[in-house]
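Below is one structure, written out as structure tokens; comments come after it.
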Amino acid sequence: MTSTLVQPGGDRDGILVVDLERFQGPLDLLLHLIRQQDIDIFDIPISRITQQFLKAIQGVAPENLDHAGEFLEMAATLIRIKAQMLLPRYGEEVDDDPRAELVRRLLEYEQIREVVGILSAAEADRARRFIRGYVPPRPRASGRDQPLESTWEEVFAAALEVRLPDPRDPTHRVTTREVAMEDKITLILSTLESVTRVEFRRLLDPLLGTMHGVMTFLATLELGRRRALRMRQASPFAELWIYRRDPSDDPWPDDAWPDAPGPDGPTNHQPDDPGGIQAQSPTEPQETLQ
Amino acid sequence: MNPAQIVEAVLFASDSPLRPEEISRADESLNEDSVEAALHQLRILYDESERAIQVVEVAEGYQIVTRAEFAPYLERFDSVPRPSRLSGPALETLAIIAYRQPIGRLEVEYIRGVSSAGVIRTLLDRELIEIVGRAEGLGRPLLYGTTRHFLEHFGFRTLDDLPRPEELPVILREPVSILPDEDDEQGGSDPDPSQEEMTLEAG
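Respectively, the protein sequence lines represent chains H and Y. Position 218, counted from 1, in the first sequence is what the numbering used here calls 218; the numbers after and before it change by one each time, with no gaps. Position 117, counted from 1, in the second sequence is what the numbering used here calls 1117; the numbers after and before it change by one each time, with no gaps.
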């Protein structure tokens, strides 16, 4: 790292002009100040270095608080060390130089910078050797399975997002096996044994889950494919009617379909049937969708 | 077809370095030893016939690459893909992880003196590091280590290609953990009985 330090004569401590953007962090800056002035790292003049460090970070933009905080934290550490060195020490603490940990960190960081140089050279050398159709590693979307490392704030935010079940919701499911389509086929066929037609809605038990509805619908389609029933729906999203289809009636020309039965038609379902919540006025089937 | 030809074909067609035992899967007649012999044969052949390509040992395997002196010609082609270089913070973080693995984010940040969550995420996404476990202690922090792709990116055969700490100009004692309950460090370089004072006397 080249010098960014300007030391006009006269001022003993010098006036430092440091471009902080060029430093990786406070350790980098501190190391720069020390190496720049040929200071013995094992005998750092804490007072002088602290003063220089504080001057250097005066320019840290307050809007970049994270960045500034890292430098300020180091400044606080320096001031604490300075204070400790002024305090008299007794007993076994005499050997403990308050600067020791900082020196260790600085040396460690300097070692890391050394390794960075080695890595950088190796990377450059490797970049000069091309493999056939080398595909550079692309940043992957972080959608991969990864162990979770979350901050408390994230956990708290997630907890607030959790929607508790409505206690009025009469959900009570004891599921021991998957919904079988055969069961639904049996249900439809047995229903059509007693009545000639039925609203699809009436086949659904509102207390059962979505999967039951889906399987009932799939069973209806399957029976339609087997020509065991007919389906009629007046318009999209209107009530779907399921008709019994006797093999003797087959083939049944479309125009020969019986008129849609009215409310007093051959259905044994009453409007207040608990199974059919909205069955008061079934929509009259008027056109065939299939 | 002789073993060298088979090995050459397999290496040529591969996107990433292959270990000898991986190459030997190409044919029943091959085993690790015969693959090693064939690789040796190929390297001599490429050298003697002054080919522009060579067989290099990288990331615990072997790979066919162009010789470095041909880089200026290849770099003229935008269509020749090349690995992107890593940023300063990324290299710094990788250096720490490479030497101190397995290591957690907080220790990386203590050594660097700056927050490193973003750069660690980038390195994970680029598969240069991976999660190798969790530390004991509060929050069971994740521990990171370098990947095989890290070796590939820098052209290292193994992690031993990195200089040992005592070969660096700055000599350090064993890594210090900032985690309170880790007095018993495992790994690290030569344990020294007087490690407490070693730092200050190293100069």
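Using N, Cα and C, we set each Cβ at its ideal position, and we do this for glycine too.
Secondary structure of residue i, DSSP reduced to three states
i: residue 1064 of chain Y; result: strand
i: residue 1147 of chain Y; result: coil
i: residue 1127 of chain Y; result: coil
i: residue 154 of chain H; result: helix
i: residue 1168 of chain Y; result: coil
i: residue 101 of chain H; result: helix
i: residue 1118 of chain Y; result: helix
i: residue 207 of chain H; result: coil
i: residue 1001 of chain Y; result: coil
i: residue 1134 of chain Y; result: strand
i: residue 195 of chain H; result: coil
i: residue 137 of chain H; result: Confidence is the limiting factor: at residue 137 of chain H the pLDDT is only 46, short of 50, which leaves the residue's position unreliable, though a coordinate-based value still follows. Reduced to three states, the DSSP call for residue 137 of chain H is coil.
i: residue 1094 of chain Y; result: helix
i: residue 1104 of chain Y; result: strand
i: residue 1142 of chain Y; result: strand
i: residue 1178 of chain Y; result: Unreliable placement is indicated for residue 1178 of chain Y, whose pLDDT of 47 sits below 50; the coordinate value is still reported in the next sentence. Three-state DSSP puts residue 1178 of chain Y in coil, outside helix and strand.
Closest by C-alpha distance to residue i, when choosing among the options
i: residue 1100 of chain Y; options: Y:1013, Y:1144, Y:1114; result: Y:1144
i: residue 1012 of chain Y; options: Y:1039, Y:1159, Y:1136, Y:1121; result: Y:1039
i: residue 216 of chain H; options: H:196, H:80, H:189, H:97; result: H:189
i: residue 1087 of chain Y; options: Y:1149, Y:1134, Y:1036, Y:1119; result: Y:1119
i: residue 1075 of chain Y; options: H:119, H:128, H:116, H:82; result: H:128
i: residue 1001 of chain Y; options: Y:1053, Y:1018, Y:1030, Y:1015; result: Y:1030
i: residue 202 of chain H; options: H:231, H:240, H:223; result: H:240
i: residue 1148 of chain Y; options: Y:1127, Y:1132, Y:1161, Y:1133; result: Y:1127
i: residue 122 of chain H; options: Y:1003, Y:1162, Y:1154; result: Y:1154
i: residue 1057 of chain Y; options: Y:1069, Y:1020, Y:1051; result: Y:1020
i: residue 237 of chain H; options: H:224, H:243, H:225, H:199; result: H:199
i: residue 71 of chain H; options: H:45, H:30, H:37, H:88; result: H:30
i: residue 1165 of chain Y; options: Y:1098, Y:1132, Y:1142; result: Y:1098
i: residue 1027 of chain Y; options: Y:1134, Y:1004, Y:1092, Y:1077; result: Y:1004
Burial state of residue i, where buried means 16 or more other Cβ atoms lie within 10 Å
i: residue 26 of chain H; result: buried
i: residue 1173 of chain Y; result: With a pLDDT of only 48 at residue 1173 of chain Y, under the threshold of 50, the placement of this residue in the model should not be trusted; the figure read from the coordinates follows. When all chains shown are included, residue 1173 of chain Y counts as buried.
i: residue 1073 of chain Y; result: exposed
i: residue 1008 of chain Y; result: buried
i: residue 125 of chain H; result: exposed
i: residue 210 of chain H; result: exposed
i: residue 186 of chain H; result: exposed
i: residue 74 of chain H; result: buried
i: residue 207 of chain H; result: exposed
i: residue 150 of chain H; result: exposed
i: residue 1152 of chain Y; result: buried
i: residue 1113 of chain Y; result: buried
i: residue 1108 of chain Y; result: buried
i: residue 235 of chain H; result: exposed
i: residue 220 of chain H; result: buried
i: residue 155 of chain H; result: exposed
i: residue 1167 of chain Y; result: exposed
i: residue 164 of chain H; result: exposed
i: residue 1146 of chain Y; result: buried
i: residue 1085 of chain Y; result: exposed
i: residue 232 of chain H; result: buried
i: residue 1035 of chain Y; result: buried
i: residue 28 of chain H; result: buried
i: residue 962 of chain Y; result: Because chain Y is modelled from 1001 through 1203, residue 962 of chain Y falls outside the range shown and cannot be assessed.
i: residue 1150 of chain Y; result: buried
i: residue 214 of chain H; result: exposed
i: residue 58 of chain H; result: exposed
Below 8 Å, can you find three or more Cβ-Cβ pairs linking the segment 1092 to 1112 of chain Y to the segment 1065 to 1076 of chain Y? These segments do not touch.
Would you list, in sequence order, the uninterrupted beta strand (DSSP E) runs of no fewer than 3 residues that lie entirely inside the segment 1013 to 1058 of chain Y? Counting only runs of 3 or more, we get 1053 to 1058.
Enumerate, from N- to C-terminal direction, the unbroken beta strand (DSSP E) stretches of 3 or more residues contained entirely within the segment 210 to 249 of chain H. Restricting attention to beta strand (DSSP E) runs no shorter than 3 residues, the segment 210 to 249 of chain H encloses them at 229 to 233, 240 to 244, ordered along the chain.
Should the segment 195 to 202 of chain H be called in touch with the segment 155 to 165 of chain H, which here means at least 3 C-beta pairs below 8 Å? No, they do not touch.
Stretch-stretch touch, CB-based, cutoff 8 Å, three pairs: the segment 22 to 37 of chain H with the segment 98 to 114 of chain H: They touch, by the three-pair rule.
Taking 8 Å as the cut-off, does the segment 1134 to 1141 of chain Y touch the segment 1043 to 1061 of chain Y (at least 3 CB pairs, one atom from each stretch)? Here the segment 1043 to 1061 of chain Y makes no contact with the segment 1134 to 1141 of chain Y; the two share fewer than three CB pairs at distances below 8 Å.
Tell me the start and end of each unbroken alpha helix (DSSP H) in the segment 27 to 75 of chain H that is at least 4 residues and wholly inside, in chain order. Taken in chain order, the whole alpha helix (DSSP H) runs of length 4 or more contained in the segment 27 to 75 of chain H are 46 to 56.
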